Amino acid sequence: MKIGNQLLKEAEKLANERNLNRLEAWTRDNPWVHGLYENNGFVKVDSYLHVYSDHTDEIKGVMKSNIDQLYPIQTFAHYTGENKEDIRKQFKRVHDCFCFEKYFN
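In the working numbering, the protein residues as written are 1 to 105.
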């Protein structure tokens, strides 16, 4: 059994010992990791975007300082709206962040 599977099995064991009803795991857009969770009985239940911008034109209109001589250089944001494709077009660095859940009986 691979290390990822071993870790998940141990996490499930500990969760059951503590009478938890589920495990929740958040991960970015990595197909291998998604497969690991899905192959271990997790279901994808939610997602949002991680959005990064820097001092280029991307940051204009996104963030502004109200403090004199304080200049935003980079931002990291969560986008939870419905227009994900528009966000992907506006910013160069965008990643999906997915929630996987596994409920116990």
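In this text, a Cβ means the ideal position worked out from N, Cα and C, and glycines have one as well.
These figures come from a predicted structure and were not determined experimentally.
(request) Please report how far the alpha carbon of lysine 13 lies from the alpha carbon of glutamate 101, in whole angstroms. (result) Looking up residue 13 in the sequence shown gives position 13. Looking up residue 101 in the sequence shown gives position 101. The alpha-carbon atoms of lysine 13 and glutamate 101 are separated by roughly 15 angstroms.
(request) Quick one: residues in its chain with C-beta nearer than 6 angstroms to the C-beta of histidine 95, no 5 flanking neighbours on either side, listed in chain order? (result) Translated into positions along the sequence shown, residue 95 becomes position 95. These residues qualify, in order along the chain: Arg28, Asp29, His50.
(message) Between the alpha carbons of glutamate 82 and glutamate 58, how many angstroms are there, rounded?
(response) Mapped onto the sequence shown, residue 82 falls at position 82. Mapped onto the sequence shown, residue 58 falls at position 58. Whole-angstrom Cα-Cα distance: 20 angstroms.
(request) Tell me whether glutamate 24 sits in a helix, a strand or coil according to DSSP, three-state version. (result) In the sequence shown, residue 24 corresponds to position 24, counting from 1. Here glutamate 24 sits in strand by DSSP.
(request) Look at threonine 75 and tyrosine 52 and say whether their C-beta atoms are less than 9 angstroms apart. (result) Here the question's residue 75 lines up with position 75 in the sequence shown. Here the question's residue 52 lines up with position 52 in the sequence shown. Yes, they are a contact pair.
(request) Name the residue from Met1, Glu38, Trp26 whose alpha carbon lies nearest to the alpha carbon of cysteine 99. (result) Position 99 of the sequence shown, counted from the start, is the residue given in the question as residue 99. Residue Trp26 is the option with its Cα nearest to cysteine 99.
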